[in-house]
Structure formats: structure tokens, C-alpha cells
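J.: The sequence shown finishes on residue 164 if you use our numbering, and the numbering steps up by one all the way, no holes. Ideal Cβ placement from N, Cα and C applies to all residues, glycine included. Please read these numbers as outputs of a predicted model, since none were measured by experiment.
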Amino acid sequence: MKEEKKLLETYQKVMVPNYLPADFIPKSAKGSRVWDSNDKEYIDLGGGIAVNSLGHANDELIKVLSAQSKKLWHLSNFVASEEAIKLGEKLTDNTFADKVFF
Numbered sequence: 063m064k065e066e067k068k069l070l071e072t073y074q075k076v077m078v079p080n081y082l083p084a085d086f087i088p089k090s091a092k093g094s095r096v097w098d099s100n101d102k103e104y105i106d107l108g109g110g111i112a113v114n115s116l117g118h119a120n121d122e123l124i125k126v127l128s129a130q131s132k133k134l135w136h137l138s139n140f141v142a143s144e145e146a147i148k149l150g151e152k153l154t155d156n157t158f159a160d161k162v163f164f
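1) Excluding the five sequence neighbours on either side, which residues of its own chain have a C-beta within less than 7 Å of the C-beta of Leu123, listed in chain order?
2) By Cβ distance, which residues of its chain are closer than 6 Å to Phe164, with the 5 residues on each side in sequence left out?
3) Check Ser90 in the structure and name its three-state DSSP category.
4) Can you name the residues that DSSP bridges to Trp97?
5) Where DSSP assigns a beta bridge to His118, which residues make up the other side?
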């Protein structure tokens with residue numbers, strides 16, 4: 063607990079205060095559950111802020127992300143990628159959207 067308190071104090075000192083941080087520091091996670099250094103369990107209600115909430119340590123995501131990381135990691139939308147085109151086609155074929163933006 064002492065280490066966690068020191069880390070939170072350092073956070074206040076060095077980080078820009080855009081959000082008020084939780085009063086714990088996650089040490090591990092699985093799915094929508096997060097545990098702190100005292101093994102206290104929390105439900106991750108903030109994992110979707112500014113990103114998609116896909117859960118933590120998802121075995122299927124680890125597998126496909128690992129495979130993709132050996133090819134290309136991030137291209138931005140400055141260039142077209144086969145994966146983005148295929149996903150865009152799937153989304154426009156199966157949703158209300160005529161076009162998508164990544």
C-alpha cells in the first residue's frame with residue numbers, strides 16, 4: 063500500500079491532470095476485472111475512455127494481435143491497408159453506415 067500511495071503522489075506531481083485518477087493502481091487484469099497490489103478486485107468501468115473496451119488479457123485478441131504485430135502494427139489512415147479495407151467493407155455491408163473512418 064505504501065508503494066501505491068507513493069506512485070499516486072508521483073502521478074500528481076508529473077502527470078497533466080486531465081482526469082482525476084482512481085485511488086488505486088492496477089497490477090493485473092482479465093476481461094472486465096482489475097486487481098490492485100492488495101488483490102482487491104474492481105470492475106473496469108473506465109477501460110472504454112477514448113478507446114474500445116475490449117477487456118484485458120483476452121486470449122483470442124492476444125493471438126490475433128501477436129500475429130498482426132509481426133506484419134504491420136500501425137499505419138494511420140495516411141495509407142490504405144488490406145485489413146482496414148476488409149473491415150470497412152464488412153462494417154458498411156452489415157450496418158447503417160455507407161462509409162467508415164479509422
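T.: The structure says:
1) Leu116
2) Asn139, Ala146
3) strand
4) Ser90, Glu103
5) Gly93
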